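In what follows, a structure is listed as structure tokens, so that the remarks can point back to it.
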Amino acid sequence: MTVGVLALQGDFREHAQVLRTLGADVVLVRRPEELARVDGLVIPGGESSVMDKLARAFGLADPLRAAVRAGLPVYGTCAGLIMLADTVVDGIRGQESIGGLDISVRRNAFGSQTQSFETDLDVPVLGEAPVHAVFIRAPVVDTVGPQATALARLADGRCVAVEQGRLLGTSFHPEITGEHRFHEYFLSTVAAARFLG
Ligand code: GLN
């Protein structure tokens with residue numbers, strides 16, 4: 001299985017490492033030719049407004065939209081979740097997302113870097129053991145539209161993980177905590193999509 005990691009900006013190395021540990025062939029994606037070779041794509045954490053600018057500058061924004069529309073499995077963490085949201089309620093002026101997830105997200109919903117936090121989350125699709133989740137200037141999913149499903153919520157009810165068909169998104173960063181179940185879950189989607197075409 002060949003899995004791409006969007007490598008324009010952010011913590012793409014950490015994702016690549018987790019995916020390799022799980023047995024995937026990893027391609028760092030910076031050009032449309034690299035995107036065309038992958039069976040699935042991870043969009044890392046970082047800064048969504050910068051990632052958006054770079055995606056446009058590298059001629060990747062439209063190919064990414066086309067790939068999502070064509071059914072490419074994509075997993076976005078944090079800034080990657082923002083990139084996958086149909087609506088970004090507080091994007092920096094002119095900021096565009098790739099879209100695909102029927103959600104609206106609010107960037108930096110928990111405040112600044114110093115208000116970053118960790119917590120344990122129940123994620124029923126991943127089994128009983130809680131997920132230790134790290135939130136770094138994280139977004140929250142403000143509204144979950146009818147096409148999307150919430151996979152995890154904070155104790156106060158705010159949604160922080162979603163799924164819609166072959167798209168998966170988390171506000172937090174499993175790639176930095178040794179938590180591999182989201183990546184495994186994503187790879188099973190990639191494998192199924194490869195089989196079904
Ligand atoms: N606050 C960042 C953004 O708006 C996301 C932070 C992260 O990816 N850890 O894109």
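Residue numbers (UniProt numbering): 1 to 197.
Don't be surprised by glycine CBs; every beta carbon is placed ideally from N, CA and C.
Please read these numbers as outputs of a predicted model, since none were measured by experiment.
Pull up the CB-CB distance for residue i and residue j, whole angstroms please, since I reckon it's below 8 Å.
i: LEU35; j: LEU60; result: 7 Å
i: ARG20; j: VAL29; result: Actually they are not in contact, since the Cβ atoms of ARG20 and VAL29 sit about 15 Å apart, beyond 8 Å.
i: ARG37; j: THR2; result: 6 Å
Following the continuous beta strand (DSSP E) through residue i, name the residue where it begins and the one where it ends.
i: THR77; result: 74-77
i: ARG65; result: No beta strand (DSSP E) contains ARG65, which is instead part of the alpha helix (DSSP H) from 61-69.
i: ASP39; result: Taken as a continuous stretch (DSSP letters only), ASP39 belongs to no beta strand (DSSP E), as it is neither H nor E.
i: ALA133; result: 131-135
i: VAL123; result: No beta strand (DSSP E) holds VAL123; DSSP gives it neither H nor E.
i: ALA109; result: Unbroken run through ALA109: none, as it is neither H nor E.
i: VAL29; result: 25-29
i: ALA161; result: 159-164
i: THR177; result: THR177 -> no beta strand (DSSP E), and no H or E assigned at all.
i: GLY99; result: Element bounds for GLY99: n/a, residue is neither H nor E.
Alpha carbon to alpha carbon, how far is residue j from residue i? Give it in angstroms, no decimals.
i: LEU154; j: GLN113; result: 19 Å
i: GLY45; j: THR77; result: 5 Å
i: residue 231; j: ASP156; result: The displayed coordinates of the chain run from 1 to 197. Any statement about residue 231 would go beyond what the structure contains.
i: GLN115; j: ALA109; result: 10 Å
i: VAL141; j: ARG166; result: 18 Å
i: HIS132; j: SER188; result: 21 Å
i: LEU81; j: ARG107; result: 10 Å
Ends of the alpha helix (DSSP H) at residue i?
i: ARG20; result: 12-21
i: residue 198; result: Coverage of the chain is limited to positions 1 through 197, which leaves residue 198 absent and any answer about it impossible.
i: ARG153; result: No alpha helix (DSSP H) holds ARG153; the beta strand (DSSP E) holding it covers 149-153.
i: LEU54; result: 48-57
i: LEU6; result: Looking at the DSSP string, LEU6 is not in any alpha helix (DSSP H); the run it does join, the beta strand (DSSP E), is 2-6.
i: residue 208; result: Past the boundaries of the shown model lies residue 208; the chain is included only from 1 to 197, so the question cannot be answered.
i: THR189; result: 181-196
Tell me, please, whether the CB atom of residue i is closer than 8 Å to any CB atom in chain C?
i: GLU163; result: In summary, chain C is missing from the structure at hand, where a single protein chain is found.
Following a CB-centred definition, is residue i positioned closer than 7 Å to any heavy atom of the ligand NAD?
i: ARG107; result: No copy of the ligand NAD occurs in the structure displayed; its ligands are the ligand GLN alone.
- Just checking, does the segment 23-43 make contact with the segment 70-83 on the three C-beta pairs under 8 Å criterion? A contact exists between the segment 23-43 and the segment 70-83.
- Query: Below 8 Å, can you find three or more Cβ-Cβ pairs linking the segment 132-149 to the segment 85-103?
  - Reply: Contact between the segment 132-149 and the segment 85-103 is present, with at least three C-beta pairs closer than 8 Å.
- Determine contact between the segment 175-182 and the segment 83-97, defined as no fewer than three beta-carbon pairs at a distance below 8 Å. no
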